[in-house]
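Chemist: Quick note, the sequences are listed as chains A and B, same order.
Numbering of the first sequence is given in the working numbering, commencing with residue 1 and proceeding in unit increments.
Numbering of the second sequence is given in the working numbering, commencing with residue 1001 and proceeding in unit increments.
In this text, a Cβ means the ideal position worked out from N, Cα and C, and glycines have one as well.
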Amino acid sequence: GEDVEQSLFLSVREGDSSVINCTYTDSSSTYLYWYKQEPGAGLQLLTYIFSNMDMKQDQRLTVLLNKKDKHLSLRIADTQTGDSAIYFCAEILTGGGNKLTFGTGTQLKVEL
Amino acid sequence: ETGVTQTPRHLVMGMTNKKSLKCEQHLGHNAMYWYKQSAKKPLELMFVYSLEERVENNSVPSRFSPECPNSSHLFLHLHTLQPEDSALYLCASSQDWRGAGEQYFGPGTRLTVT
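(1) Could you spell out where the beta strand (DSSP E) holding K56 of chain A opens and where it closes?
(2) Mind reading off the beta-carbon distance from Y24 of chain A to Y48 of chain A? Whole number of angstroms is fine, and I expect it under 8 angstroms.
(3) Output yes or no for whether 8 angstroms exceeds the beta carbon distance between C1023 of chain B and G1101 of chain B.
(4) Along the chain, where does the beta strand (DSSP E) that runs through R1098 of chain B open and close?
(5) For L93 of chain A, report the span of its beta strand (DSSP E) as first-last.
(6) Along the beta strand (DSSP E) that carries M1013 of chain B, what are the first and last residues, could you check?
(7) Return yes when the Cβ of L1051 of chain B is within less than 8 angstroms of the Cβ of S1071 of chain B, no when it is not.
(8) Of the residues A:I92, A:L74, A:L108 and A:E111, which one's Cα is nearest the Cα of Y31 of chain A?
(9) Determine contact between the segment 1011-1018 of chain B and the segment 99-110 of chain A, defined as no fewer than three beta-carbon pairs at a distance below 8 angstroms.
(10) Return the residue from the list A:D69, A:M53, A:I76 and A:I86 that minimises the CA-CA distance to S27 of chain A.
(11) Does any residue of chain B have a CB that is nearer than 8 angstroms to the CB of K9 of chain A?
(12) Counting C-beta neighbours from all protein chains within 10 Å, is the total for M55 of chain A 16 or more, i.e. buried, or is it exposed?
(13) Along the segment 97-109 of chain A, where does the CB come closer than 7 angstroms to a CB of chain B? Name the residues.
(14) Measuring straight from C-alpha to C-alpha, what distance separates L64 of chain A and G103 of chain A?
(15) Is it the case that the segment 10-20 of chain A contacts the segment 1078-1086 of chain B, given that we only count it when at least three CB pairs across the two stretches are under 8 angstroms?
(16) Can you tell me where the beta strand (DSSP E) with Q37 of chain A in it begins and where it stops?
(17) Please check if any C-beta of chain B sits within less than 8 angstroms of the C-beta of I20 of chain A.
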């Protein structure tokens, strides 16, 4: 079945790195995504990774994918207060159309 | 500004009311989506429209009725809702339904059913 899990809360100090983790159960994922939701706003796509890749780097963001363990992570380097938000991982399955299955979201709090 | 707007941003309605949520996308996309976001639960896909045709209906109760008059507009008509329907309703659009193109989200309508 489709199940995407994330821890609910993460707190880091400004300037440190944040690592947000996600596990999924369906091995037929084609794309995996990270979305950011700020208070009172919709979801904003941060980055994505294709299922045949292990890593993708985009400025301060690094995505790691371990297909064997069905584990996805998002590392934010030099975390800033503006990074405080809820982060969702999501997957699209093979042949499923553009149908995202989301995790529960991880609330990232950046403290001074 | 993501190019997807939703109105109203907040809505309080009684269980016997009828109201509608509106979504408009200015991106020239062919697919539009309704999601429900409840506290501490994953986003739930409710409906998908592709070129004004409904292609996905995820066992949503009939008290939610979508309408897509053209590829730029999507409505969600609400009637005789329950308190557990209180949530943030998000609209999204993407270039196409097939393929894995980015979905662009609106800011959502915060619905409270009293």
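Modeler: In short, the structure shows the following:
(1) Residues M55 to D58.
(2) Going by Cβ atoms, the distance from Y24 of chain A to Y48 of chain A rounds to 14 angstroms, so no, they are not a contact pair.
(3) no
(4) Where R1098 of chain B is concerned, there is no enclosing beta strand (DSSP E), given that its DSSP letter is neither H nor E.
(5) A85 to L93
(6) M1013 of chain B -> beta strand (DSSP E) spans H1010 to M1013.
(7) yes
(8) Closest by alpha carbon: A:I92.
(9) Contact between the segment 1011-1018 of chain B and the segment 99-110 of chain A is absent, because fewer than three Cβ pairs lie under 8 angstroms.
(10) A:D69
(11) According to the sequence shown, residue 9 of chain A is Phe rather than Lys. No, its Cβ sits nowhere closer than 8 angstroms to a Cβ of chain B.
(12) exposed
(13) G97, N98, K99, L100, F102, G103 and T104
(14) 17 angstroms
(15) no
(16) S29 to Q37
(17) no
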